[in-house]
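Novice: Quick note, the sequences are listed as chains A and B, same order. The working numbering applies: residue 1 is where the first sequence begins, and numbers increase by one. The working numbering applies: residue 1001 is where the second sequence begins, and numbers increase by one. Virtual Cβ for every residue (Gly too), placed ideally from N, Cα, C. I'd like to ask you about the structure that follows.
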Amino acid sequence: MADYRSHEAEIHANGAKLAAISVDSPEKSQAVREELHLGFPILCDTQKQVVREWGVYNAREKGGIAKPAVFIIDSGRSVRYVSVDEIASRVRASDVASLIAAHGAAPAPPRHKLVPGPRTWVRAVSNSIQYGVREPGSGSK
Amino acid sequence: MKSPPNPVREKALERGEIAPDFELPDSTGLPQRLSDLCAPSPLVLVFYRGHW
């Protein structure tokens, strides 16, 4: 999660939002959010409805939890990218940030271009290359 | 074939599918709806194991 925190600004800069989700209670989730100083919301799927419907339910552990997974959802709820880990790892935030930067995360404009042009994306990618994409584990959990 | 509403899905949603909408409280109790979160700009939704 802290991995994602450190890339939140970059993801925002490239026109996307970030949210986390687990089956934990609001209290527990808020504790995690405060402990890790997360700026993005944590959604609480305590009824395990979403994890079941999205096919990321791990029934074999701890009474049923979410599999580590990342989805990029476009407006219209169209799934643009999926990464699901059957074991306890998850795609790195830096990879997701690069993907967002590379593909341009802004929704497809209906008629004319109301999003920054390709040059803006290129600049964003160059910036992240130049100023760094922090490795997870260096000073964060 | 469109799948009928089925609460338990074995395989994860795939690229190109339409994600089922939902409304869930966030950690502060505020209701959050997927269709609001993913528009106008896309949403990166990170599922994590929890239960630390």
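Residues of chain B with CB closer than 9 Å to the CB of residue 69(A), please, in chain order.
Specialist: Here the neighbours are 1012, 1045, 1046, 1047 and 1048.
Novice: Would you grab the beta carbon distance between residue 15(A) and residue 1041(B) for me? Rounded to a whole angstrom, and I think it's under 8 Å.
Specialist: Indeed they touch by this definition, with Cβ atoms about 5 Å apart.
Novice: Buried or exposed: which applies to residue 24(A), given that a residue is buried once 16 or more other Cβ atoms fall within 10 Å of its Cβ?
Specialist: Residue 24(A) is buried by the Cβ-count criterion.
Novice: Can you name the residues of chain B whose CB is closer than 8 Å to the CB of residue 98(A)?
Specialist: Here the premise fails: no neighbours, minimum Cβ distance about 12 Å.
Novice: For residue 12(A), which option in 54(A), 78(A), 40(A) and 21(A) has the closest C-alpha, if you only look at C-alpha atoms?
Specialist: The shortest C-alpha separation from residue 12(A) is found at 40(A).
Novice: Using three-state DSSP, classify residue 1020(B) as helix, strand or coil.
Specialist: The answer is coil: DSSP assigns residue 1020(B) none of H, G, I, E or B.
Novice: Using a threshold of 8 Å, state whether the C-beta atoms of residue 1044(B) and residue 72(A) are closer than that.
Specialist: Yes, the pair counts as a contact, with Cβ atoms nearer than the cut-off.
Novice: Excluding the five sequence neighbours on either side, which residues of its own chain have a C-beta within less than 6 Å of the C-beta of residue 20(A), listed in chain order?
Specialist: Closer than 6 Å at the Cβ level, and outside the excluded window around residue 20(A), lie 42.
Novice: Any beta carbon of chain A sitting closer than 8 Å to that of residue 1033(B)?
Specialist: For residue 1033(B), the answer is no, since every Cβ of chain A falls outside 8 Å of its Cβ.
Novice: Return the Cβ separation of residue 44(A) and residue 1025(B) in integer angstroms, given the expectation that the two are a contact with Cβ distance under 8 Å.
Specialist: 5 Å between Cβ atoms; contact.
Novice: For residue 1022(B), which option in 1033(B), 1038(B) and 1039(B) has the closest C-alpha, if you only look at C-alpha atoms?
Specialist: It is 1033(B).
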